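Below you'll find the structure, written out as structure tokens, and then a few comments.
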Amino acid sequence: MSVFDNESFRHHESVHFFSDEATGLQAIIAIHSTVLGPALGGCRIVNYADSHEALDDVLRLARGMSFKNALAGLDLGGGKSVIIPPKHWQGDARHQGSDRAALFRAFGRAVQALGGRYISAEDMNVSVEDVENMALETDYVTGLDVAHGGMGDPSPLTADGVFYGMRACARRAFKDGVLQGRTVAVQGLGKVGWRLCEHLHEAGAKLIVADIVPETAERAKQEFGAEVADADAIVGVKADIFSPCARGAVINDDSIGQLQVKVIAGSANNQLSRDALGEELMKRGILYAPDYVINAGGVINVAPEAKGEVNHEWVRKKVEKLEDTVGEIIDEALRSHRPTNAVADEKAMRRILDRRDSGRAWQPPFAKTPKLRHSA
Ligand code: NAD
Numbered sequence: 000m001s002v003f004d005n006e007s008f009r010h011h012e013s014v015h016f017f018s019d020e021a022t023g024l025q026a027i028i029a030i031h032s033t034v035l036g037p038a039l040g041g042c043r044i045v046n047y048a049d050s051h052e053a054l055d056d057v058l059r060l061a062r063g064m065s066f067k068n069a070l071a072g073l074d075l076g077g078g079k080s081v082i083i084p085p086k087h088w089q090g091d092a093r094h095q096g097s098d099r100a101a102l103f104r105a106f107g108r109a110v111q112a113l114g115g116r117y118i119s120a121e122d123m124n125v126s127v128e129d130v131e132n133m134a135l136e137t138d139y140v141t142g143l144d145v146a147h148g149g150m151g152d153p154s155p156l157t158a159d160g161v162f163y164g165m166r167a168c169a170r171r172a173f174k175d176g177v178l179q180g181r182t183v184a185v186q187g188l189g190k191v192g193w194r195l196c197e198h199l200h201e202a203g204a205k206l207i208v209a210d211i212v213p214e215t216a217e218r219a220k221q222e223f224g225a226e227v228a229d230a231d232a233i234v235g236v237k238a239d240i241f242s243p244c245a246r247g248a249v250i251n252d253d254s255i256g257q258l259q260v261k262v263i264a265g266s267a268n269n270q271l272s273r274d275a276l277g278e279e280l281m282k283r284g285i286l287y288a289p290d291y292v293i294n295a296g297g298v299i300n301v302a303p304e305a306k307g308e309v310n311h312e313w314v315r316k317k318v319e320k321l322e323d324t325v326g327e328i329i330d331e332a333l334r335s336h337r338p339t340n341a342v343a344d345e346k347a348m349r350r351i352l353d354r355r356d357s358g359r360a361w362q363p364p365f366a367k368t369p370k371l372r373h374s375a
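In terms of numbering that gives the first Met the number 0, the sequence shown is numbered consecutively and its last residue is 375.
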């Protein structure tokens, strides 16, 4: 199937396939839009079933990044990249051999070849060390360690943004509008989920938690007095808020009927297995905070780095504003009786198209108007 016939292809500006025989690199970089700025989005390495699945993933994720960056008010476009693990890694995306550095350096050269239209960062199975290997070959990568002039781990900022967004949801979903005394079910106690639990505990919320690592859940019981649920059962527990902070597609055709909450607000990407479930949630009276809006704290954190700057104060203020952004989307959705995810997509698209139509679309540094060869 060609790129253009793929159902996830939606007017992407360009899609680039890279291979490097020496390292076994096979990578795809999808640039959805550079209207607002260079396309920023992470790189993931995943053991896909085949290259069609990899293509589908990168197309979907790149568009998501355009919308995420647009609604976070950043002057950045949307792109994403995927690496298919070399055959001799035997499906292990976390393979730690000495050839890992070479693979990520080869990927860095691919990013550099795009001349700044795409800026990479870490994503699934890609570590800070991998990113630093990319940075040996390209100027266009973010997410470096603080010691190397980067903005550091984005996860705390993602958690902060989810907490602010959750407050906006509580204000609309519950009569008293507060989190104190509310029961929040948190799925996944990793870098984001754990810090979110800290905020919620401090705000006086009751926690029900689940993690596939039992010791982690046990630790939350000790630290926050949390009730521990089975990892498979957390989606269906009775609570005020469900916060997916582990993996995507948690809200799907099977799980939607199990939900016993008033609000869904968490950090996981692509929480809905398909967009139409947003409408289904609305019909069931469940308020959904669109994932890419509420989890934008991480990308806001790397945004200064994309311009070669470090500015923690700017990031902090911008992440706080996510409370208003989430609130505005919910209010518009309630006013117009539309699903929150549809309203978010439309608002993001509107910002991109307004910029394009104003004639102020971002131009890559190397773009020059060619000399006219023929006069009209
Ligand atoms: P992480 O890998 O640090 O944590 C994930 C946690 O979820 C781990 O503790 C893991 O054991 C647990 N887990 C995995 N599968 C589970 C399951 N089925 N049930 C319960 N627990 C499970 O990841 P993170 O950085 O905390 O990110 C969490 C989610 O938020 C991911 O989906 C990520 O893509 C998304 N996200 C993260 C950031 C960020 O800045 N880290 C930004 C945007 C989106």
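Glycine included, each C-beta is placed from N, C-alpha and C at the ideal position. Since we're looking at a predicted model, the values are computed, not measured.
key: Stretch-stretch touch, CB-based, cutoff 8 Å, three pairs: the region 282 to 293 with the region 24 to 39   = no
ask   = Under three-state DSSP, which class holds Val14?
value = By one-based count along the sequence shown, residue 14 stands at place 15. The answer is strand: DSSP assigns Val14 an E or B state.
inquiry  = Taking the alpha-carbon of Glu308 as reference, which of His147, Lys220, Cys168, Asp344 has the nearest alpha-carbon?
reply    = Counting from one through the sequence shown, the residue named residue 308 turns up at place 309. For Glu308, the nearest C-alpha among the options comes from His147.
key: Exposure label - Glu121; buried when at least 16 CB within 10 Å   = The residue you call residue 121 lines up with position 122 of the sequence shown. Glu121 is buried by the Cβ-count criterion.
request  = Please work out which residues of its chain come closer than 8 Å, Cβ to Cβ, to Leu276, disregarding the five sequence neighbours upstream and downstream, and give them in chain order.
outcome  = Indexing the sequence shown from 1 puts residue 276 at position 277. Counting only Cβ-Cβ distances below 8 Å, and skipping sequence neighbours, we find Ile250, Asn251, Asp252, Ile255.
inquiry  = When you compare the region 229 to 246 with the region 160 to 176, are there three or more beta-carbon pairs, one atom per stretch, that lie closer than 8 Å?
reply    = yes
ask   = Are there 16 or more other CB atoms within 10 angstroms of the CB of Gly63, so buried, or fewer, so exposed?
value = Counting from one through the sequence shown, the residue named residue 63 turns up at place 64. With 16 or more Cβ atoms within 10 Å of its Cβ, Gly63 is classed as buried.
message = Please report the distance separating the alpha-carbon of Ala29 from that of Tyr139.
response = As a working note, residue 29 is residue 30 in the sequence shown. As a working note, residue 139 is residue 140 in the sequence shown. For Ala29 and Tyr139, the distance between alpha carbons rounds to 15 Å.
message = If you reduce the DSSP assignment to three classes, tell me which class Phe241 lands in.
response = On the sequence shown, position 242 is the one that residue 241 refers to. Here Phe241 sits in strand by DSSP.
key: Paired residues, beta bridge with Leu135 - DSSP   = The count along the sequence shown starts at 1 and reaches residue 135 at position 136. Answer is none; Leu135 lacks a bridge partner.
query = Does the beta carbon of Arg93 fall short of 7 Å from some heavy atom of ligand 1?
reply = Indexing the sequence shown from 1 puts residue 93 at position 94. No; taking the cut-off as 7 Å, the Cβ of Arg93 has no heavy atom of ligand 1 nearer than that.
request  = Figure out for me which residue from Ala209, Gly326, His15 has the closest Cα to the Cα of Gly114.
outcome  = Numbered from 1 along the sequence shown, position 115 holds the residue referred to as residue 114. It is His15 whose Cα lies nearest to the Cα of Gly114.
inquiry  = On a Cα-Cα basis, can you pick out the residue from Ser65, Pro84, Thr324 that is closest to Asp19?
reply    = Looking up residue 19 in the sequence shown gives position 20. Closest by alpha carbon: Pro84.
ask   = Exposed or buried, what is Gln270 when buried is set at 16 or more other beta-carbons lying within 10 Å of its beta-carbon?
value = On the sequence shown, position 271 is the one that residue 270 refers to. Gln270 comes out buried.
message = According to DSSP, simplified to helix, strand and coil, what is Ala267?
response = Position 268 of the sequence shown, counted from the start, is the residue given in the question as residue 267. Note: Ala267 maps to coil in three-state DSSP.
query = Taking a cut-off of 6 Å, which residues have a beta-carbon closer than that to any heavy atom of ligand 1, in chain order?
reply = Pro153, Ser154, Thr157, Gln186, Gly187, Leu188, Gly189, Lys190, Val191, Gly192, Ala209, Asp210, Ile211, Val212, Thr215, Ala230, Cys244, Ala245, Arg246, Ser266, Ala267, Asn268, Asn294, Gly297
ask   = Where does the unbroken beta strand (DSSP E) through Thr182 begin, and where does it stop?
value = Stepping through the sequence shown from its first residue, residue 182 is reached at position 183. Taken as a continuous stretch (DSSP letters only), the beta strand (DSSP E) holding Thr182 covers 182 to 186.
Beta strand (DSSP E) segment containing Arg43, residue limits = Counted from its first residue, the sequence shown places residue 43 at position 44. Residues 42 to 44.
inquiry  = I'd like the span of the alpha helix (DSSP H) that includes Ile299, first residue to last.
reply    = Counting from one through the sequence shown, the residue named residue 299 turns up at place 300. Note, Ile299: alpha helix (DSSP H), 296 to 305.
query = In chain order, what residues of the same chain have a beta carbon less than 7 Å from the beta carbon of Ser13, not counting five sequence neighbours either side?
reply = Residue mapping note: residue 13 aligns to position 14 of the sequence shown, counting from 1. Here the set comprises Ile30.
ask   = Exposed or buried, which one is Phe3 when buried takes at least 16 other CB atoms within 10 Å?
value = As a working note, residue 3 is residue 4 in the sequence shown. By the 10 Å Cβ count, Phe3 comes out exposed.
ask   = Are Gly78 and Leu39 close, meaning C-beta to C-beta below 8 Å?
value = Against the sequence shown, residue 78 aligns to sequence position 79. Against the sequence shown, residue 39 aligns to sequence position 40. Cβ distance < 8 Å, so Gly78 and Leu39 count as in contact.
ask   = Is DSSP giving Asp19 helix, strand or coil here?
value = Taking the first residue of the sequence shown as 1, we reach residue 19 at position 20. It is a strand residue.
query = Asn68 to Gly296, Cα distance in whole Å?
reply = Locating residue 68 in the sequence shown gives position 69, where the first residue counts as 1. Locating residue 296 in the sequence shown gives position 297, where the first residue counts as 1. Spanning the two alpha carbons is a distance of roughly 10 Å.
message = Is the beta carbon of Ala232 closer than 8 Å to that of Val208?
response = By one-based count along the sequence shown, residue 208 stands at place 209. By one-based count along the sequence shown, residue 232 stands at place 233. Against a cut-off of 8 Å, the Cβ pair of Ala232 and Val208 comes out as no contact.
inquiry  = To the nearest angstrom, how far is the alpha carbon of Phe162 from that of His198?
reply    = As a first step, residue 162 must be located in the sequence shown, where it is residue number 163. As a first step, residue 198 must be located in the sequence shown, where it is residue number 199. Going by the C-alpha atoms only, they are around 7 Å apart.
task = Using the Cα positions of Ala219 and Asp229, report the straight-line distance between them to the nearest angstrom.
result = Counted from its first residue, the sequence shown places residue 219 at position 220. Counted from its first residue, the sequence shown places residue 229 at position 230. So the alpha carbons of these two residues sit roughly 14 Å apart.
inquiry  = Given this structure, state the Cα-to-Cα distance separating Leu60 from Ala267, to the nearest angstrom.
reply    = By one-based count along the sequence shown, residue 60 stands at place 61. By one-based count along the sequence shown, residue 267 stands at place 268. Their backbone Cα atoms lie some 13 Å apart in a straight line.
message = Cutting at 6 Å between CB atoms, please list the residues of its own chain near Lys205, excluding the five before and the five after it.
response = Working through the sequence shown from its first residue, we reach residue 205 at position 206. If we look at Lys205 and ignore the five residues flanking it on each side, its Cβ neighbours are Thr182.
inquiry  = Do Leu24 and Ile118 count as a contact pair if the criterion is CB distance below 8 Å?
reply    = Here the question's residue 118 lines up with position 119 in the sequence shown. Here the question's residue 24 lines up with position 25 in the sequence shown. Contact flag unset, no.
inquiry  = Taking the alpha carbon of Leu58 as the reference point, which residue from Arg350, Gly41, Ala71 has its own alpha carbon closest?
reply    = Position 59 of the sequence shown, counted from the start, is the residue given in the question as residue 58. With distances taken between Cα atoms, Leu58 lies closest to Gly41.
query = When the distance is taken between beta carbons, is Asn124 closer than 8 Å to Ala92?
reply = Counted from its first residue, the sequence shown places residue 92 at position 93. Counted from its first residue, the sequence shown places residue 124 at position 125. Closer than 8 Å, so yes.
ask   = Taking C-alpha atoms, which residue in Thr157, Val234, Leu371, Trp88 lies nearest to Cys196?
value = Counting from 1 along the sequence shown, the entry for residue 196 is found at position 197. Of the candidates Thr157, Val234, Leu371, Trp88, the one whose C-alpha sits nearest the C-alpha of Cys196 is Thr157.
query = Is Asp55 closer than 8 Å to Ser7 when the C-beta atoms are compared?
reply = Translated into the one-based positions of the sequence shown, residue 7 becomes position 8. Translated into the one-based positions of the sequence shown, residue 55 becomes position 56. Cβ distance < 8 Å, so Ser7 and Asp55 count as in contact.
query = For the region 92 to 168, which segments carrying the beta strand (DSSP E) assignment without a break, of at least 3 residues, lie completely within its bounds, in sequence order?
reply = none
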